[in-house]
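Our numbering puts the sequence shown at residues 18 to 421. Note that CB positions come from ideal geometry on N, CA and C, so glycine has one too. Because the structure is a prediction, the values reported are computed rather than measured. Reading through the structure tokens given below for one structure.
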Amino acid sequence: MDLWEKPLTEEWFDPQTYRPETRTFDRHAVQRAIHFLLQAKNPVILAGSGVHIAGAEEHLRTLAELLPARVATTPRAKGVFPEDDPHSLGVLGVAGHRDARATLLGDEVDVLLTVGASLNETSTPNWDPKLRPSKALIQLDIDADRIGRNYPVDVALVGDAQSILVELVYHAHRRIREGVFPASQWERSAPLLRSHARYSDPEARTSNAMPLTPQRWRVDLEEVLPSDAVIFSDIGGHMLFNIHHLCIRAGQRFVINLGFGSMGHGTVAPIGAALADPMRPVFAIVGDGCFTMNGMDLLTAAEYELPVIWIVENNNMHGIIWHGSRVVGRALESVRFRRPVEIASIARAMGLSSWVVDAPGRMQDAVREALRRGGPALIEVRVDGSIPPPLGERARSLAGFIES
Ligand SMILES: Cc1ncc(C[n+]2csc(CCOP(=O)(O)OP(=O)(O)O)c2C)c(N)n1
Ligand SMILES: [Mg+2]
Numbered sequence: 018m019d020l021w022e023k024p025l026t027e028e029w030f031d032p033q034t035y036r037p038e039t040r041t042f043d044r045h046a047v048q049r050a051i052h053f054l055l056q057a058k059n060p061v062i063l064a065g066s067g068v069h070i071a072g073a074e075e076h077l078r079t080l081a082e083l084l085p086a087r088v089a090t091t092p093r094a095k096g097v098f099p100e101d102d103p104h105s106l107g108v109l110g111v112a113g114h115r116d117a118r119a120t121l122l123g124d125e126v127d128v129l130l131t132v133g134a135s136l137n138e139t140s141t142p143n144w145d146p147k148l149r150p151s152k153a154l155i156q157l158d159i160d161a162d163r164i165g166r167n168y169p170v171d172v173a174l175v176g177d178a179q180s181i182l183v184e185l186v187y188h189a190h191r192r193i194r195e196g197v198f199p200a201s202q203w204e205r206s207a208p209l210l211r212s213h214a215r216y217s218d219p220e221a222r223t224s225n226a227m228p229l230t231p232q233r234w235r236v237d238l239e240e241v242l243p244s245d246a247v248i249f250s251d252i253g254g255h256m257l258f259n260i261h262h263l264c265i266r267a268g269q270r271f272v273i274n275l276g277f278g279s280m281g282h283g284t285v286a287p288i289g290a291a292l293a294d295p296m297r298p299v300f301a302i303v304g305d306g307c308f309t310m311n312g313m314d315l316l317t318a319a320e321y322e323l324p325v326i327w328i329v330e331n332n333n334m335h336g337i338i339w340h341g342s343r344v345v346g347r348a349l350e351s352v353r354f355r356r357p358v359e360i361a362s363i364a365r366a367m368g369l370s371s372w373v374v375d376a377p378g379r380m381q382d383a384v385r386e387a388l389r390r391g392g393p394a395l396i397e398v399r400v401d402g403s404i405p406p407p408l409g410e411r412a413r414s415l416a417g418f419i420e421s
């Protein structure tokens, strides 16, 4: 105690004095990158979470429109480029979209620019060699040590994503003024699909089935998600459904903690977000497994009347483990709950407004009412747990590991 109570006489240093920010750029590298990008017939940008950290969303859009380039994001960066934009390929990697996969792993792409993406296992479909473009790979990263680590690069752009995108746009404009015409052919290709057909299971998105499909209520939710919403996802099958089936638009933000992927981040972190940015509507989409591991933290939100809206997808199981184990070959029955938990009642006992949604077309009213009331709220969605999340290639590749 006496130690803790002692006044400190330490001198504190401004972080800038010992952790300088990498805002510089290499002009020659920028010029080379623009040379390749303006010559590219099918330029593609793969945007990672560095775009968000640098606050470079607008700069990314400017460059993409200028060329034009088609843009995919990593799962973690979902939404840094608006997914309803005509140039959006969606997400590449775990639970990602057909357009991103077909384009980035196809043979059309001649120049690929990656921005703030570490090119890890989940975002590169297991370091697929087909990700390499035919003419040039341009890798932009603030950490020089990441460059060329997983794919050989033709142009390395070391630095902050915003600073370098500003330079890329500046130099592209200059070259265009000098008479160079961008060679991009994308405008002549068939436009990308934007309706339900864009997704891997379009029927489930419009299904009126009961029990409710995990896809359908997410489509319902999109109708009422505010244009500046921050949406947290926890870890599990619900995360895969979130990555695949929510369309994140300009102004919205999607957050997942894919680092160590610990259950609970998506349940608890939104409390911090609501404290940090009280003007933005904060949502959390979490599974019943994550919720029952960490849900007591809702008391903090109740205590401080923080307007977080939790949507708990209740499938009575650790769905990703059950479905994943079936793909790998042996269903783990122990991860299904024998007794269903009434999540909405837990929330009510803690002083939150709560609703149960168990039918198509009902999510909208629950969300509108939660937003109108303004305090912490929880919506329990009861879904058909037998519908597998979009595990896709990842499950097959994990299955491969086990066999070998
Ligand atoms: C702390 C922690 N324990 C275990 C895991 C492994 N794990 C990942 S997802 C998951 C189950 C998630 O269940 P739920 O929240 O109900 O999501 P669902 O898959 O059903 O959508 C488990 C056990 C983990 N990621 N973190
Ligand atoms: Mg579950």
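Relative to the non-hydrogen atoms of ligand 2, the Cβ of G276 never comes closer than 7 Å to any of them. Membership of T284 in the alpha helix (DSSP H) is indicated by the continuous run 282-293. In the same chain as V272, and ignoring 5 residues on each side of it, the C-beta atoms closer than 8 Å to its own belong to V247, I248, F249, S250, G283, A286, A290, in chain order.
Under the criterion of beta carbons closer than 8 Å, L315 and L369 qualify as touching, at roughly 6 Å.
Residue range 44-56 is occupied by the alpha helix (DSSP H) that includes R49. Between the segment 255-263 and the segment 302-316 there are three or more inter-stretch CB-CB distances shorter than 8 Å, so the stretches are counted as touching.
Q269: not part of any beta strand (DSSP E); DSSP gives it neither H nor E. Secondary structure at T34: helix, using DSSP grouped into helix, strand and coil.
In the structure shown, W144 adopts coil according to DSSP, grouped into three states. Restricting attention to beta strand (DSSP E) runs no shorter than 3 residues, the segment 110-189 encloses them at 128-132, 153-158, 172-175, ordered along the chain. In the three-state reduction of the DSSP assignment, E397 falls in the strand class, which pools E and B.
Three or more beta-carbon pairs drawn from the segment 191-204 and the segment 51-69 are found closer than 8 Å, and the two stretches are therefore classed as touching. Under the DSSP definition of a beta bridge, E330 partners with G304, V398. One alpha carbon belongs to G72, the other to V128, and they sit about 24 Å apart. When DSSP states are grouped into helix, strand and coil, V97 belongs to the coil group. With 16 or more other Cβ atoms inside 10 Å of its own Cβ, P298 counts as buried. A straight line joining the alpha-carbon of R40 with that of V186 spans about 16 Å. Check the Cα spacing between V358 and each of V344, V373, K152: the tightest is with V373.
By the neighbour-count criterion, in which a residue is buried when 16 or more other Cβ atoms sit within 10 angstroms of its Cβ, Y216 is buried.
Between ligand 1 and S279, a heavy atom-to-CB distance of less than 7 Å is present.
The beta carbon of D43 is closer than 6 Å to none in its chain, skipping five residues each way along the sequence. Remark: the C-beta of M334 is in contact range of ligand 2, defined as less than 7 Å to any heavy atom. DSSP places I338 inside the alpha helix (DSSP H), whose first and last residues are 336-345.
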